[in-house]
Amino acid sequence: MYAPIPALNLLKEFEEGVDDYFTPGFELIPFGADDGGYPQLSDRIRPFAQATGSGSTYAIWLRDGRTDLATLPVLFLGDEGGVHVVARDLPELLRVLASGWEPMGDWDGVEYADESEAAEGDEEAYDPCPANPAFRAWLRDRFGLEAAEDPNEIVRSAGEELREPFAAWIGPLIPDAVGGHGAG
């Protein structure tokens, strides 16, 4: 078993069955094995995935005593600074990931961008996540979920909804983290 979250165990099986990225820069890491670069948060987060190829991380925020960890908010821990709420729960993050858009974050916020490029002239098309169609089908079949058309809408909404409890928790630990509010 990879994690105490059934959905992450299923995602691990999916990830092991594809040969390419299914969302840009995303890779599962040993569940809760590190602090995502923020040791002062280690008692309230459980990192579970690399969010970008440069070292940003996704982590479950242990906001309260819920035993179903999939229902807890997901944080983006930026490798260039910044800690932000990106989803109200794991199913929302899966929808964000299925968009195929890449996260970019700093202290001011995190924003997802579509980095794919259509072929032009002699240039080949660029697809940062060739296995994304398989991931979308898997997400639909396993969870009845569709990819977010614009993942920034989910990020903004989750950030706004959880702004006050997030700021109350993180403010004393990392004061710079309360300045940003999710997707720009």
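The working numbering puts the first residue of the sequence shown at -2, with every later residue one more than the last.
Virtual Cβ for every residue (Gly too), placed ideally from N, Cα, C.
Everything numeric in this text was worked out from a predicted model, so none of it was measured.
Asked                                                                                                                                          : Found
Could you compute how far the alpha carbon of G79 sits from the alpha carbon of A48?                                                           : 13 Å
DSSP three-state label for R133, please.                                                                                                       : helix
Going by other Cβ atoms of all chains shown within 10 Å of its Cβ, with 16 needed for buried, is P44 buried or exposed?                        : buried
Just how far apart, CA to CA, sit A4 and Y55?                                                                                                  : 15 Å
Given a threshold of 16 other Cβ atoms within 10 Å of its Cβ, counted over all protein chains shown, does S96 qualify as buried or as exposed? : buried
Report the residue from G52, L8 and A174 whose alpha carbon sits nearest the alpha carbon of D31.                                              : G52
Who are the Cβ neighbours of P22 in its own chain at under 6 Å, not counting the five residues just before and after it?                       : Note that residue 22 corresponds to Gly in the displayed sequence, not to Pro. So the list reads T49 and G50, once near-sequence residues are dropped.
Helix, strand or coil for V152 per DSSP?                                                                                                       : helix
Could you check which residue in A122, F19 and V152 has the C-alpha nearest to that of A128?                                                   : F19
Report back the beta-carbon spacing between L59 and L72 to the nearest angstrom; my notes put them in contact at under 8 Å.                    : Rounded, the Cβ-Cβ distance is 10 Å, inconsistent with contact.
Please state whether DSSP places P44 in a helix, a strand or coil.                                                                             : strand
Span of the beta strand (DSSP E) holding V80?                                                                                                  : V80 to A84
Using a Cβ-Cβ cut-off of 7 Å, state whether E112 counts as contacting chain D.                                                                 : Among the protein chains of the structure shown there is no chain D, as only one such chain exists.
Among the candidates E112, N6, E143 and R133, whose CA atom is the shortest distance from the CA of L66?                                       : N6
Straight-line CA distance for L94 to L25?                                                                                                      : 12 Å
Helix, strand or coil: how does DSSP classify L159 here?                                                                                       : coil
In whole angstroms, what is the alpha-carbon distance linking E121 and D111?                                                                   : 17 Å
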